[in-house]
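Numbering (the working numbering), first residue to last: -10 to 255. Note that the Cβ used here is the ideal one computed from N, Cα and C, for glycine as well. Here the structure is a predicted model, which means the values were calculated and not measured. Only one structure is covered here, and it is reproduced in the block below.
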């Protein structure tokens, strides 16, 4: 839902004060909705469904002639947006797309102001004020260049310490801590020979430097990098799309979110 525990508690308190009957009963294992709460929930679902039908009935993306804004981290720009924008152009041929870099400090303000319609990136970096939907699970994988001589000599995570490694600057597209902690847990963390600013510089770097790197699996696929299967892999993390709550009912936003989920989730 994208709400903090404090915010959820506040909303539940208001509901308890406004409604004539209890909506939750507490058990030793947690809380359970009452029959009254379930009945209200069904009624609200019908109302929201009817409203969506009315709002979306007259919406025709093919008739739109405007620009849409997408905030996306480098990961999304390389692995998600090419297919996503192709689908947008297919359904709304007169719509142009403006892509903005995902910045942890400003992405929520951009969505609130309407500078951007949606944001795409790593769930952990989204501002708590935003509504969001999970898209897919991702994982960092170990990669080398096409002509690397490392391929046959690296099978265990501990072996990573035997080879030069290139790292990336901590950003909205890369969690330096996650990779470092994973390597440290396997006694394989050594200083990198270089720290690159972005994923796009990795492939040309690998043409002249035989090193290992850890990148999200979708980046490895996008650049057709050689993956090394290790005996252990870093934990998965979530990718997500986000939007400002006050634009939740916007027909264009709803359409964009549906198209994106179709592209990523299928």
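Delimiting residues of the beta strand (DSSP E) encompassing residue 126 | Going by DSSP, residue 126 is part of the beta strand (DSSP E) stretching over 120 to 127.
If you compare alpha carbons, which of 79, 97 and 144 is closest to residue 132?
-> Closest option to residue 132, Cα to Cα, is 144.
Whole-angstrom Cβ separation of residue 135 and residue 215, contact assumed at under 8 Å?
-> Right, the Cβ-Cβ distance comes to about 6 Å (below 8 Å), so this counts as a contact.
Spell out a yes or no on whether the stretch 169 to 179 and the stretch 101 to 121 are touching, meaning 3 or more CB-CB pairs, one atom from each, closer than 8 Å.
-> By the Cβ test, the stretch 169 to 179 is not in contact with the stretch 101 to 121, since fewer than three Cβ pairs between them sit closer than 8 Å.
Please report the Cβ distance between residue 139 and residue 199, rounded to the nearest whole angstrom; I am assuming they are in contact, meaning their Cβ atoms lie under 8 Å.
-> Contact flag correct, Cβ pair sits at about 6 Å.
Excluding the 5 residues preceding and the 5 following residue 211 in the sequence, name in chain order all residues of the same chain whose CB lies nearer than 7 Å to its CB.
-> The residues 67 and 68, in chain order, have a CB closer than 7 Å to that of residue 211 in the same chain once the five nearest residues on each side in sequence are set aside.
Nearest to residue 256 by CA position, among 25, 49 and 61, is which residue?
-> Only positions -10 to 255 of the chain appear in the structure, and residue 256 is not among them; the question remains open.
Does the stretch 215 to 225 come within contact of the stretch 99 to 116, defined as at least 3 CB pairs closer than 8 Å?
-> Contact fails: fewer than three Cβ-Cβ distances are below 8 Å.
Can you give me the start and stop residues for the beta strand (DSSP E) that residue 88 sits inside?
-> According to the DSSP assignment, residue 88 belongs to the beta strand (DSSP E) that extends over 85 to 90.
Evaluate contact between the stretch 152 to 167 and the stretch 178 to 189, counting only Cβ atoms and requiring at least three cross-stretch pairs below 8 Å.
-> Contact between the stretch 152 to 167 and the stretch 178 to 189 is present, because at least three Cβ pairs lie under 8 Å.
With burial defined as no fewer than 16 other Cβ atoms inside 10 Å of the residue's Cβ, what is the status of residue 168: buried or exposed?
-> Classification of residue 168: buried, given that the 10 Å Cβ count is 16 or more.
What are the start and end residues of the alpha helix (DSSP H) that includes residue 168?
-> In this chain, the alpha helix (DSSP H) harbouring residue 168 covers 165 to 174.
Looking only at its own chain, which residues have a Cβ that is under 8 Å from the Cβ of residue 185, when we skip the five neighbours before and after it?
-> Annotation for residue 185: 155, 156, 157, 158, 191 and 194 place their beta carbon closer than 8 Å to its own, counting only its chain and skipping 5 residues before and after.
What number of angstroms, rounded off, separates the C-alpha of residue 21 from the C-alpha of residue 78?
-> So the two alpha carbons sit approximately 45 Å from each other.
Assumed close pair residue 109, residue 86 - CB separation to whole angstroms, cut-off 8 Å | Going by Cβ atoms, the distance from residue 109 to residue 86 rounds to 12 Å, so no, they are not a contact pair.
Simplified DSSP state of residue 248, which is helix, strand or coil | Three-state result, residue 248: helix.
Under a three-way DSSP split, which group does residue 162 fall into?
-> In the three-state scheme derived from DSSP, where H, G and I count as helix and E and B as strand, residue 162 is classed as coil.
Given a threshold of 16 other Cβ atoms within 10 Å of its Cβ, counted over all protein chains shown, does residue -10 qualify as buried or as exposed?
-> With a pLDDT of 48 at residue -10, under the threshold of 50, the modelled position of that residue is not reliable, and the figure given next carries that caveat. Here residue -10 is exposed: its Cβ has fewer than 16 other Cβ atoms, across all protein chains shown, within 10 Å.
Taking residue 209 as the reference, give the member of 176, 128 and 13 with the closest Cα.
-> Closest option to residue 209, Cα to Cα, is 128.
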